[in-house]
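So the sequence shown is residues 1 to 140, counted in the UniProt record's numbering.
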Amino acid sequence: MPANKNYKQRWDNAWVSEFLPLLPQGVDTPVGDQAARLSVGQAQRVAVARALLNPCSLLLLDEPAASLDAHSEQRVMEALNAASLRQTTLMVTHQLEDLADWDVIWVMQDGRIIEQGRYAELSVAGGPFATLLAHRQEEI
């Protein structure tokens with residue numbers, strides 16, 4: 001692994017450093033179907049860390065914390081939130097609590113945007129987002 005402090009920090013932020021020394025090919029270990037004995041959560045954390053290492057104009061995230069335990073999810077989401085300040089980020093998620101600080105939320109149904117706005121506005125507007133949020137609170 002390169003000695004670059006920024007590189008190591010990104011791995012730490014994605015909560016990968018704890019198992020990185022165990023990976024057979026280190027940071028180059030495959031994470032897809034050919035993954036070498038990685039759990040789904042570990043593979044997801046490696047993928048997030050790689051995305052953080054390669055800033056781009058648009059970061060597209062699809063349920064980036066879906067397979068993570070609560071502690072790992074918190075660390076990964078903090079890192080992704082910080083990254084979103086440096087680039088345009090589009091995140092698909094059912095984890096509504098992760099959206100509180102994002103600029104715009106789009107609520108979709110049947111492939112169409114049915115509501116959009118900021119978390120604070122949508123959570124009290126009485127629309128689909130508020131309904132989803134209420135159902136989420138009932139589940140907890």
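Yeah, the Cβ is synthetic: ideal placement off N, Cα and C, and Gly gets one too. Keep in mind the model is a prediction, meaning the values are calculated, not measured.
On a Cα-Cα basis, can you pick out the residue from the options that is closest to residue i?
i, options, result
"D28", "A130, A49, T131 and E18", "A49"
"N13", "A130, L53 and L23", "L53"
"V16", "E73, P55 and E121", "E73"
"L23", "K8, Y7, N6 and Q42", "Q42"
For residue i, count the other beta carbons within 10 Å of its own beta carbon; 16 or more makes it buried, fewer makes it exposed. Which is it?
i, result
"R45", "buried"
"E78", "exposed"
"A65", "buried"
"V40", "exposed"
"R10", "buried"
"E139", "exposed"
Can you tell me the Cβ-Cβ gap for residue i and residue j, rounded? I've got them flagged as a contact below 8 angstroms.
i, j, result
"Y119", "L99", "5 angstroms"
"V104", "Q116", "6 angstroms"
Please report the distance separating the alpha-carbon of residue i from that of residue j.
i, j, result
"H135", "F129", "10 angstroms"
"E97", "Q87", "21 angstroms"
With a CB to CB cut of under 7 angstroms and the five nearest residues on each side skipped, what residues in its chain are close to residue i?
i, result
"A51", "L59"
"M108", "I114"
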